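Chains as they are written, first to last, in the working numbering: chain A, 89 to 629; chain B, 1237 to 1552; chain C, 90 to 374.
Backbone N, C-alpha and C define an ideal beta-carbon position, used for all residues, glycine too.
This one's a predicted model, so the numbers in the text were calculated from it and none came from an experiment.
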C-alpha cells in the first residue's frame, strides 16, 4: 500500500478553482517531484495534504495518508499527524522561523509536543540534529536566534525541524528557490541523504526540471491546476512524450540564436565603453563594543575590468559576493570608496551634476522583480517615458512617439500606454522595463537578475529579446545572474566574483567548461543541469 | 545589549536636556518682565524688584538656565511665589496623587485590554469578536473626562457607592486613598483599554498570518497553541509601543481628570499656578512630567530588547 | 465620483461618511442659521429646560438653547482639529520625507531626535506652557495639538518613505537622474497618500477629543464662544439636577469622533492596494 494516495482532488478558494482532479501517489521511501510554473497548483496540492490550506478553501476527492482520510480528518488527528508522520519545509527561509525564539527551542518544540520528552532531552536531540544538517553546536549554539543565521543556515534549521520525528512523508516546497546555487546544492544533498537514511517519502516541489531530474524517482508535471503527465523521472524526461513537458524542457535549456560572433575582450582595438579602474566600496559597521571600532566591510575590493561596445558581460557569484554593489556603482547610484569608473571617456565619479545627466542617458537598468520595478500609480506611458527626464524637454506628441517606438522594440503595442502596471503579466512587465531602459537610446544596459523571477517559458522569450536587441541596437550588457545557464546563453564573457574580488574572467565557454578558480568551480559544480542529471540516471528507458 | 541600553540612556538624557531648554525658553519669551507678570498690574516697584532679585532675574540668561538646571538635578525647584514654600515640597505632595493614578490607570487598561484583545483575536469574525470591536469603537470615541463625569453621576450621585471627589491622603491608609482613586482610574483606563485591545487584536491577527505560524502549525501545534506560543510574543512589540505612547496620554489625562474629581494632584496645582501666574511652579511641573514621559519611553526601548532578540547587539 | 460609489459600499465608510457630513453640515449651517441666538440669555423667560419639542436638546441654566450652542461649537471643534492636522501634515510629512531621503545620515538622526523631544510634550503640556506665557485662547489649542501632530506625521511618513526608497521603481527613477526632492514628489508621496489620509482622519478625531479636553480645563476656547469642552465644564456643577447639560455635548463629541474613526477605518479598507488592485492571476508568467 502506498504512503500517500491523492485521488481526483479538486480545490477552490472562494469562487476561484485552483485544482481539478489531481491524482498523485507516493510510496514509502519514494521521492516524487512536482514541477510546474506559477499558478500550476503545485504548492496548493502540498498544503492540501497537510491540511494547511488558506481560509475559504473547499476540497473534494480523496487524500489517503497511511490509513487516514485527510480530507475528513478532525483537527486533533491532523495535529497528531503533522510534524510527527508528515512534515513540511517551506520556500522562504527568512520568514519561516519565529524571530523571537531560539533555534534550539524551535527544533525541540515538535519533539516535546509529539513525544512528551523533557525540554533538556529534546534540546540534546536538537543539538544532534542540527549537527547532522551542518550546524554544529560549537559554532552554532542552540541559543542562536534566526536573525543571527544566513538564509542557507535557516533552511538547515527548517530541515532539522521537519525531520525531527523522522516523519514518513516529507514535503519540500521549493526549498532552495530563495538560495544561490552553491547553497542549493548543499541543501539538496542534506535532504537526499536524510531521506535515504531515515526511509522517508519525499515530495519535492520545484520549478526547476534539472533539480527534479537530479533528485527524484517519480515525476508529476502540473499546469493550471491539473496533472499533465506523471511517470518515472528519467523515462519521462527522456521521452518527453507530452508536448507541455517537452516545452518546459526546451525552455529550461534555451539558448537564443545569435547572428553575430561574440565580442571578445582580447580581440578589441576600440576604446572601451566602460572602464572600471581599481574600484573598491567599503561599508562602515556599527560598533559591536565600546572599545574597539569594527573594521569596514569590503563589499567590493579593488576591481578592474573593461566592457566594450556591443559586448555582453556576465557577472556571476554567490549571494553577498559584491556583484550588486558593483553594478550600482557602474550605474552611478552608489559612489566607490576609491577608484574610478569611466563611461565613454567621462568619469562617473568626478563629473559635475550637469554632465552626469548626459552620462546617465548612455546607461540604463533592468531589475529582477517585474512587480516592484514600476510605480503602481503611474500609467505605462508615464513610466516608460521617465528616463526622458535626462533629455531636453520634448513636446507631448514627440514624447509619445518615443514611448511608442520603444514599446515596438520590445514587441508591445500602443494598447499598453494608458494601462497601469498591475494590468500586465510578469513577462509583459519585464518587456516594459526593457522598453523604459531603451527610451534614452543607451549604449549600456545593466540587468540585475532580469529573468530569475520569471517562469521558464517566459524566461526563454525575454532572453531572446535581450539577444535580438543587442544585435539590432549594438547595446552592451552587464548581466548579473546567479544562473550560469542564463549567462552562458546570453553573454560573450563572464566575470566571476568572490568576496568582493574578481577571481576569474574570460569567454563563457572557457570559464564554464574549464573553471580554474575555486569560486568558479564551486558555481559550475553546483549548477543543476538537465542533461548531465539525466546522463547520470540509470532508470532511462 | 549593554551598549544598546547605554546608548538609549544617553539619548534619553540628551532629549531631556533639549526639552528643558524648550521649557526654559518658553517662559523666557514671556512678553514683559516675568516678575511683573507674576505680580500683576497693581504691584509696587519695590515688590517687583524684590521678586526679580529672588528669582535671580538680574543674572544673564545662561547663568539662570544653569542655576535652574543644576537646581533640578539636586531636587531644588526654587520657591513658589504664591505658596511661599519650596516648589519641591508642593510637587512632592501632589505627585503622590497623580503618579499612582496614572500608573493605576495604565495597569487597569493593560489588564483589561490584553485578555480582551487576545479573546477577540482567537475568535476572529465570531459574534463576540464583532461585539467587542463595536464596543471598543465607541470606547475610543469617548473623552475620558466626559466618561468621568458620567461615572460620578452614576456611582457617586445616583448610587452613592464612592465619594464623588476629594482625596483623603495616603496618611489615612491605603484603602480610603485607593477608593478615591478608583473612579478616576477607571475613567482614564477604559478609553485607553479600547485602543489597546484593538491594537492587541490586530497585532495578533497580523502575526497569525506570518510564515512562521504556518511552520508551527506544520509541526502539529493547534491554532490555540500557535497563538500562545508563537504569535503572542511577536505581537507584544507593537503593543508595548502603544503602551509607551499611552502613558503620555494618561499623564495628560490625569491632569484633566483631577479637575473632575477635585483631586489635589499636579493637575490642580498647575491650573492654580497658571491663574496665580506662579511661573516657577508651572515650569517645574511641566519639566517633571516631561522627564517622566522620557523615562517611560526609555523603559519601553529597554523592554523591546527583552521581547525582540533582533534588537540586542549582534553576537555573530 | 466612481471612487465615492465604491467606497460607499463599505459599511464603515458609509456610516462614517454620513456622520461626518452631518457634523460638517451642522457647523456650516450655523453660520447662517441657528434655532435660537447662541448667546441669548433668557434666565427668567426660559430658564433650565430638559429636551422638549421647542428646545430639542434642552436649554442651560441661563436659558440658552443647547442645539444652537452645539451647532456653533461644532465649528470650533472642526476648525481647531483641522488646522492642527494641517500643521502636522504640512510640517511633519516634508520633514519625514526629507529625513528618509537622506536615509540614516546626520540630518535624519537629528530630525528623529527632535521628534523624540516633541513627543515628550503632549498637547496638554504645550497648552499649559503657552497659556502660562501668553494667556488663554483658542489659538493655544491649535498650536499645542498641531505641534504634537508634527512628529506623528513625520514618523509615519519617514517609515513609509524609507520602505519606498528601497523599491526598484525608485532605483529606476534615480537611474533616470531625478533628484531626491523630485522623486519624493512624484513617487514617494503619491504612494503613501493612502496611509496619510487614514492617519489624518485619526489625528482629526483625536484633535477633537484633545480640543474638548483643553477647553474643559480652560486652556482652549474662551467663553462666551461656545465650545463642547467648555459646555461640559459648565455642566459639571449641575450634574446632580441637570445631567442633560453634560450628556448632550459629550454625545456630540462621541458621535463626531466615532464618525471620523469609522471613516478612517473604511478608508483604510477601501484604499488598501492589497484589496483594491489585486495582482492578476499569473496565467502566462
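Does DSSP put residue i in a helix, in a strand, or in coil?
i	result
residue 427 of chain A	strand
residue 322 of chain C	helix
residue 459 of chain A	coil
residue 175 of chain A	strand
residue 148 of chain C	strand
residue 183 of chain A	coil
residue 565 of chain A	strand
residue 582 of chain A	strand
residue 1235 of chain B	Because residue 1235 of chain B is not part of the residues shown, which for chain B are 1237 to 1552, the question remains open.
residue 269 of chain A	helix
residue 358 of chain A	coil
residue 624 of chain A	helix
residue 365 of chain C	Residue placement at residue 365 of chain C is poorly supported in this model, since its pLDDT is 42, which falls under 50; the coordinates still yield a value, given next. Helix at residue 365 of chain C.
Between residue i and the rest of its own chain, which residues show a CB-CB distance below 7 Å, the 5 nearest in sequence each way excluded?
i	result
residue 356 of chain C	102, 286, 287, 290
residue 457 of chain A	541
residue 265 of chain C	none
Determine the extent of the beta strand (DSSP E) in which residue i is found, giving its start and end residues.
i	result
residue 363 of chain A	362 to 371
residue 477 of chain A	Counting along the chain, residue 477 of chain A falls outside any beta strand (DSSP E), and DSSP gives it neither H nor E.
residue 115 of chain C	Per DSSP, residue 115 of chain C belongs to no beta strand (DSSP E); it is in the alpha helix (DSSP H), 100 to 121.
residue 319 of chain A	314 to 320
What's the C-alpha gap between residue i and residue j?
i	j	result
residue 98 of chain C	residue 354 of chain C	13 Å
residue 265 of chain A	residue 272 of chain A	8 Å
residue 1422 of chain B	residue 1384 of chain B	8 Å
residue 1259 of chain B	residue 1456 of chain B	57 Å
residue 283 of chain A	residue 1350 of chain B	44 Å
residue 350 of chain C	residue 294 of chain C	7 Å
residue 1505 of chain B	residue 1395 of chain B	30 Å
residue 185 of chain C	residue 211 of chain C	20 Å
residue 607 of chain A	residue 353 of chain A	22 Å
residue 287 of chain A	residue 1450 of chain B	25 Å
residue 274 of chain A	residue 135 of chain A	25 Å
residue 586 of chain A	residue 503 of chain A	44 Å
residue 511 of chain A	residue 147 of chain A	30 Å
residue 294 of chain A	residue 448 of chain A	39 Å
residue 160 of chain A	residue 115 of chain A	22 Å
residue 507 of chain A	residue 470 of chain A	10 Å
residue 154 of chain A	residue 1476 of chain B	46 Å
residue 1415 of chain B	residue 1338 of chain B	15 Å
residue 612 of chain A	residue 407 of chain A	15 Å
residue 1432 of chain B	residue 1472 of chain B	11 Å
residue 93 of chain C	residue 320 of chain C	36 Å
residue 525 of chain A	residue 365 of chain A	25 Å
Within the continuous alpha helix (DSSP H) that includes residue i, where are the two ends?
i	result
residue 141 of chain A	Premise fails: residue 141 of chain A is in no alpha helix (DSSP H) and is neither H nor E.
residue 214 of chain A	207 to 220
residue 597 of chain A	596 to 601
residue 451 of chain A	Note, residue 451 of chain A: premise wrong, no alpha helix (DSSP H); beta strand (DSSP E) at 451 to 454.
residue 1350 of chain B	1323 to 1358
residue 355 of chain C	333 to 360
residue 108 of chain A	Run containing residue 108 of chain A: none in the alpha helix (DSSP H); it sits in the beta strand (DSSP E), 104 to 114.
residue 1290 of chain B	1281 to 1291
residue 489 of chain A	484 to 497
Who does residue i pair with in a DSSP beta bridge?
i	result
residue 394 of chain A	A:363
residue 298 of chain C	Residue 298 of chain C is not bridged to any residue.
residue 332 of chain A	According to DSSP, which records beta bridges pairwise, residue 332 of chain A is partnered with nothing at all.
residue 121 of chain A	A:292, A:307
residue 148 of chain A	A:98
For a contact meaning CB atoms closer than 9 Å, what does residue i contact in chain F?
i	result
residue 463 of chain A	No chain F appears in this structure, whose protein chains are A, B and C.
Please work out which residues of its chain come closer than 6 Å, Cβ to Cβ, to residue i, disregarding the five sequence neighbours upstream and downstream, and give them in chain order.
i	result
residue 126 of chain A	543
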